[in-house]
Each structure stands twice: as C-alpha cells, then as structure tokens.
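> In mature numbering (1 follows the signal peptide of the UniProt record, and there is no 0), the protein residues as written are -19 to -1, 1 to 573. Below: one structure in structure tokens.
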C-alpha cells in the first residue's frame, strides 16, 4: 500500500513537469495586441513646465537649478583644483561636457561615459507620482590654476551637457554662473540679474506650458526647447522608435496585461524581462495600461493602450513544433501544431492561401502558400476558446536566393574597360541536407568579365570566375551581416588558349558606419588569392583581387553597386607588362 502511494505521488509530480517540458520545447504562436481587442494608441511626446525652474518630459522630472558645478582645492595635488559638475541625469548621462565663457567659447571640455559619471536616484515627494529623477556627478581632478584664474574674471559662464547623433540632438545647459571668491573660499553662484520669462518652443514656435505631440510615423520628428526663468534651457530633437506588440495575454488573476514586443524598449529596465536580443516582456496593470518607451536618444515616449473587449489568456495559446521554419527561400511552408484542450483553431476566412487539417486529437497541420519574398510575413489562425475568438500569428521571412549583376569595370594603368555580368545562387539546404552547417550557409557565384578595349602592352584576357561561398553566420545575403570563406576557380581566356586558376578567398559583408549610411546600405570587402593554374600555352603563376564594394538600395529588389579594387596577375611566360591594376566598377544588382 505504501509503495502504491509513493508511486502515485511520483506520477502526480512527473506529469506536470513533463507537460511543462513539452511546452518549453514548442514554439508559441502570438496573440498580436491590435488584433485581439487591445488598441495600441499612437506614441506621444509629452511635456510640462511645472514652475519657473522645473519641467517634466515624459516621466522624467528635471530641476534646472541643479545644473551647476563647484570649484574646490584638489586633495591629490597641492596648488591645483578640482571641479565637481552635477546635473539632472534623467535624460542625459553620457555625451560631452563644455564650460563656455561669456562669449560662448569653450574653455573646458570633457567626454562623459558610464565609467566617469556617477548616477544616483533622487527620492521624490508623493505628489510627483510615478516621475523619475536622477542626478549625475562628474569630478575632474588636478585642474590647473590658469583655468580657475580665468574663471574668476569672467562676468559669467555656462556649462552644457550634450549629445548628438544622426537623428537626435540633446542639450542641457545651465543658467549664467560666475565664480565668487571671498575670504579664500570659492563658490559658483547664479546671476540673479538676468531673469527671463519661462517658455516652451515646439518646432520653433512658442506654445503653452503643457502639451502633447502625437507621433504616428517614424519620419515625424519633434524639436523641443524649454527655457526657464533662471536662463537654463533644454533642447531635444528626437523621433519615435517603431515597436511591434506581437503578443498580449491577461494574467491568471485577471489583474495585469502581459505584453511581449520587439523594437523600442521601455525606459524602466527594472520592469522588463528580456526574452532575446530583440524581444522583451512587461506586465502592466489592466486598470492603467500605460508605459514609457525609449525614443531616439532614449527620450521617453508615452504609450497607452485601450482595452476594447475580451483578451486571450495563456491557456488559450496554440503551439507549433520547435522545428518550424521561420526563414525560407520557398513560397510555401508547412507547420505541425497543437492546440490546448477545449481550444479550436482554423484558418482565417480572409486567408485563401492557407489550409489546415486536423491530424490526431488536438494536433493539426497548417500549410501556408504565396509567401512574399524579401519582407517579414505574419500569418494567422483563428483561435476559439470559451466562446471567444482570438487571432494567433506566426512570423516567417522568405529570402531571395538569386542575384544578377550587370555593369562595367575600368582598370588603370592599363586603361582597359570590361563589361561584367554576375549571377549568385544562395542555397537553403546545401547538398539537400537540413542541418546547422548546411542550412543558409552556402552559395554559388559565376562572374564574367569581358574586355571591351585593348592595350598592346597588356595581356588580352577575359575572366570567368566560379566560386563556392560559405557564410560564417546563418542568414540571407544583404539581410544579415557575416564574414565568410570562398573557393574560387577562374578561367583566364586569352586569344587562342586559356588557363584555370585555383585559390582561396575571404569576405566580409556588413552594415556601414553611421557616417557612411547616406552613401550605402551595405559594404562588402573581398579578397581572392590564386596560387597557380593549369594550362598548356600559358599559366597563372599567382594572382590576387582585393575589392571594396558598396550597395545602395533602391527597392526591395534593386541595388546600385560601386567599388574600387586592386588586382595583380603574374603569368608564365610573362606578359609585356604585369603591373598592379587599380579598378573602378559600377553595376546594377537585382535580387530575386
């Protein structure tokens, strides 16, 4: 009897553990927020000038009287000074700092980062509600006497903390300050004779002391400037970041919304659960579903939701096999899935390019066709549970396996022009094997360079290159950055004979740095080295090609390529001239 009870207890523990393990091995379908009775309202930039010195931006409180600094003797070096800067850090913790004289010329500069700035959290009174307030301190030791002496004679000075990027500008500047020295004690004080009217400007126009700006699209930006009575000011240029609220469920107790999203993240990282490099999750009270998201430059944007009806629960969620493909080159995919007990799933009436068949019990097979290429595609199933119907989605991305380039190349000092054509084929499952090392790692390329002009001193050859390419990172060409290796074979065709060179190569393809983004969307660096060749009349003793190439994207499928290259070929027997050549190339590239 005792053995039977122990066995029953062991079984009761094992069953839920096994169920949890099975669920963790499955891929959840998502209840997209705006398709399941949760309206996602537009993000908004909000501001309030609370009094003559304090203002609120989003959920951040800024007291401009705290933008100041003090000068004191340095404890580490006798005869020198230390400057202690402090400012409200809710909006800006890093960037650059400058002290400017009364003419606006910088007399001191410093770079701020997390290693040299100390940030503390201020305790706010209860009436300030959910506002955040932080204070930053930056200390500079061993300041030379000459700088402090100059400060003593300035009628006033200001100091600013600022950060600028491609799409963001943030300046926080103090009021007019002066250095007072009495009885050997130095103190930085604010000038009181320069009081100005507090005001807010939006996009260059004076507006009221409180307002909201709705941002419906990422192309819409906000230019905000707040000037307080003391003369301190805050300038912000920012825009919203996109966010995809891909899933919402109600908590088991019905009190909270559990949101899963990707894109712009909440400003309060302590409340966020990171699920992956891109996905995050947060719990919001159902009675007040509001959060603040990071816009460009981490400027807080208010995000609200409106509940329009019944929301799904976790127990309603269908799952797909963990082997379900999320990326493919095919226009059709099939998924094996399972629905919870009491939950039924079916294809949406509007989706004519999908079908679903029940297999056994609560399992199903779901097939989707006509997957568009080159864009993220989310397909949905109707989920019915407890007399309510919801919509569950699954994301797939169909890549474009083929590429065709047509262009021209000119090389100097030989002065020869070539017409070029290139074809690429990226393979989903190399050698028809579906494994980690074969899937989305391999490709083939064939390129022809046909000479259009001639030079009597330079070998008259046309080049046909066949190349096996391997990506270190699984992914799609011109979608995912990677480095890789290649095995090139090059047929060097002369007027009446040819040779086939063999070698190795390497390449890197990545997104360009910020300063180069206006000129290109992708950059590629490629090296081919040929160690020798076959051939009867002539041979390639050695050769290399080093190319840097830019891709400027016009549409989902079309790119303009341009680049520069170095090449050097040594033949046996030698040509009249075998100088290193510098090449310039341009082409139109089509992905399909």
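The beta-carbon is built from N, C-alpha and C at its ideal position, and this holds for glycine as well.
Who are the Cβ neighbours of residue 137 in its own chain at under 6 Å, not counting the five residues just before and after it?
In the chain shown, the residue the question calls residue 137 occupies position 156. Excluding residues within five positions, the ones whose Cβ falls inside 6 Å are 83, 157, 159, 172.
> By the DSSP assignment, the beta strand (DSSP E) with residue 546 in it spans what residues?
Here residue 546 is taken as the residue at index 565 of the chain shown, counted from 1. First-last of the beta strand (DSSP E) with residue 546: 539 to 553.
> Is residue 575 helix, strand or coil by DSSP?
The structure shown does not extend to residue 575, since the chain is modelled only from -19 through 573, so no value can be given for it.
> Ignoring anything shorter than 3 residues or poking outside the region 473 to 503, list the beta strand (DSSP E) runs there in chain order.
Runs found: 479 to 491.
> Under three-state DSSP, which class holds residue 95?
Taking the chain shown and counting its residues from 1, one reaches residue 95 at position 114. Looking at residue 95 - three-state DSSP - the assignment turns out to be coil, as it is neither helix nor strand.
> Return the CA-CA distance between residue 43 and residue 37, expressed in angstroms with no decimal places.
Working through the chain shown from its first residue, we reach residue 43 at position 62. Working through the chain shown from its first residue, we reach residue 37 at position 56. Each residue's alpha carbon lies about 6 Å from the other.
> Hey, could you find the ends of the alpha helix (DSSP H) residue 131 is sitting in?
As a working mapping, residue 131 is identified with position 150 in the chain shown. First-last of the alpha helix (DSSP H) with residue 131: 126 to 133.
> What does a CB cutoff of less than 8 Å around residue -6 pick up in its chain, not counting 5 residues either side in sequence?
Your numbering for residue -6 matches position 14 in the chain shown. Its pLDDT being 38, under 50, residue -6 is placed unreliably in this model, and the coordinates cannot settle the point.
> Which residue comes first and which comes last in the beta strand (DSSP E) that contains residue 281?
One-based indexing of the chain shown puts residue 281 at position 300. Counting along the chain, the beta strand (DSSP E) containing residue 281 begins and ends at 281 to 288.
> Of all the options 182, 366, 92, which has the alpha carbon lying nearest to the alpha carbon of residue 17?
By one-based count along the chain shown, residue 17 stands at place 36. Among 182, 366, 92, the Cα nearest to that of residue 17 is on 366.
> Which residue or residues does DSSP assign as beta-bridge partners of residue 571?
Here residue 571 corresponds to residue number 590 of the chain shown, with the count starting at 1. Looking at the DSSP assignment, residue 571 forms a beta bridge with 385, 539.
> Specify whether the region 44 to 53 and the region 309 to 321 touch according to this definition: at least 3 beta carbon pairs, one from each stretch, less than 8 Å apart.
No: the two stretches stay apart, fewer than three of their Cβ pairs being nearer than 8 Å.
> Which first and last residues belong to the beta strand (DSSP E) in which residue 186 is found?
Within the chain shown, residue 186 is the residue found at index 205, counting from 1. From DSSP, the beta strand (DSSP E) with residue 186 extends over 186 to 188.
> Taking 7 Å as the cut-off, decide whether the C-beta atoms of residue 547 and residue 569 are in contact.
By one-based count along the chain shown, residue 547 stands at place 566. By one-based count along the chain shown, residue 569 stands at place 588. Their beta carbons are not under 7 Å apart, which means residue 547 does not touch residue 569 by this criterion.
> Applying the 10 Å Cβ sphere with the 16-neighbour rule, what's the burial state of residue -3?
Position 17 of the chain shown, counting from 1, holds the residue named residue -3. Reliability fails at residue -3, whose pLDDT of 34 lies under 50, so the model's placement of it is uncertain and the value that follows must be treated cautiously. Its Cβ having fewer than 16 others within 10 Å, residue -3 is exposed.
> Report the residue from 333, 338, 306 whose alpha carbon sits nearest the alpha carbon of residue 319.
Counting from 1 along the chain shown, the entry for residue 319 is found at position 338. The shortest C-alpha separation from residue 319 is found at 338.
> When burial is assigned at 16 or more other CB atoms within 10 Å of the CB, is residue 560 buried or exposed?
By one-based count along the chain shown, residue 560 stands at place 579. Flag for residue 560 reads exposed.
> For residue 241, which option in 230, 200, 234 has the closest C-alpha, if you only look at C-alpha atoms?
Reading the chain shown from its first residue, position 260 is the one you call residue 241. Answer by Cα proximity: 230.
> Rounded to a whole number of angstroms, what is the C-alpha to C-alpha distance between residue 39 and residue 90?
On the chain shown, position 58 is the one that residue 39 refers to. On the chain shown, position 109 is the one that residue 90 refers to. Taking the straight line joining both Cα atoms gives about 29 Å.
> Secondary structure at residue 413, three-state DSSP: helix, strand or coil?
What you label residue 413 is simply residue 432 of the chain shown in a count that begins at 1. Three-state DSSP puts residue 413 in a helix.
> Use the C-beta contact count for residue 347: other C-beta atoms within 10 angstroms, 16 or more gives buried, fewer gives exposed.
To locate residue 347, count along the chain shown from 1; it is residue 366. It is buried - the Cβ of residue 347 has at least 16 other Cβ atoms within 10 Å.
> Under the assumption that residue 484 contacts residue 509 (Cβ atoms under 8 Å), give the Cβ distance between them as a whole number of angstroms.
Working through the chain shown from its first residue, we reach residue 484 at position 503. Working through the chain shown from its first residue, we reach residue 509 at position 528. Indeed, because the Cβ distance is near 6 Å, the residues count as touching under 8 Å.
> In angstroms with no decimal places, state the Cα-to-Cα distance between residue 183 and residue 206.
For the purposes of this step, residue 183 is taken as residue 202 along the chain shown, with counting starting at 1. For the purposes of this step, residue 206 is taken as residue 225 along the chain shown, with counting starting at 1. Answer to the nearest angstrom: the Cα atoms are 7 Å apart.
> How would you call residue 104, buried or exposed, if buried means at least 16 neighbouring beta carbons within 10 angstroms?
For the purposes of this step, residue 104 is taken as residue 123 along the chain shown, with counting starting at 1. It is exposed - the Cβ of residue 104 has fewer than 16 other Cβ atoms within 10 Å.
> Relative to the C-alpha of residue 572, which residue among 540, 545, 412 is closest?
Position 591 of the chain shown, counting from 1, holds the residue named residue 572. Ranking the options by Cα distance to residue 572, first place goes to 540.
> Within 10 angstroms of the Cβ of residue 450, are there 16 or more other Cβ atoms? Answer buried if so, exposed if not.
Looking up residue 450 in the chain shown gives position 469. Looking at its Cβ environment, which holds 16 or more other Cβ atoms inside 10 Å, residue 450 is buried.
> Is it true that the CB of residue 419 sits closer than 7 Å to the CB of residue 411?
In the chain shown, counting from the first residue as 1, residue 411 sits at position 430. In the chain shown, counting from the first residue as 1, residue 419 sits at position 438. Yes; because the gap between Cβ atoms is below 7 Å, this pair is in contact.
> Compare the beta carbon distance of residue 512 and residue 550 with 7 Å and say whether it is the shorter of the two.
On the chain shown, residue 512 is found 531 positions in, with the first residue counted as 1. On the chain shown, residue 550 is found 569 positions in, with the first residue counted as 1. For residue 512 and residue 550, no; Cβs fall outside 7 Å.
> Suppose you measure from the CA of residue 102 to the CA of residue 448; what does that come to, to the nearest Å?
By one-based count along the chain shown, residue 102 stands at place 121. By one-based count along the chain shown, residue 448 stands at place 467. When rounded, the distance between both Cα atoms is 58 Å.
> Report buried or exposed for residue 496, applying the criterion of at least 16 other Cβ atoms within 10 angstroms of its Cβ.
As a working note, residue 496 is residue 515 in the chain shown. Counting Cβ neighbours within 10 Å, residue 496 comes out exposed, since fewer than 16 surround it.
> Counting Cβ pairs, one atom from each stretch, are 3 or more of them under 8 Å apart for the region 206 to 216 and the region 263 to 271?
With the cut-off at 8 Å, the region 206 to 216 and the region 263 to 271 do not touch.
> If you count every other CB in all the chains shown that lies within 10 Å of the CB of residue 250, and 16 or more means buried, which is it?
Here residue 250 refers to the residue found at position 269 of the chain shown. Residue 250 comes out exposed.
> Once DSSP output is grouped into helix, strand and coil, what is the label at residue 453?
Locating residue 453 in the chain shown gives position 472, counting from the first residue. The answer is coil: DSSP assigns residue 453 none of H, G, I, E or B.
> Taking all protein chains shown into account, decide if residue 361 is buried (16 or more other Cβ within 10 angstroms of its Cβ) or exposed.
Here residue 361 corresponds to residue number 380 of the chain shown, with the count starting at 1. So residue 361 counts as buried.
> Could I get the ranges of all uninterrupted alpha helix (DSSP H) runs contained in the region 235 to 284, with 4 residues as the minimum, in chain order?
Listed in chain order, nothing qualifies, since the region 235 to 284 has no complete alpha helix (DSSP H) run of 4 or more residues.
> Alpha carbon to alpha carbon, how far is residue 501 from residue 491?
Numbered from 1 along the chain shown, position 520 holds the residue referred to as residue 501. Numbered from 1 along the chain shown, position 510 holds the residue referred to as residue 491. Distance between the alpha carbons of residue 501 and residue 491 is about 11 Å.
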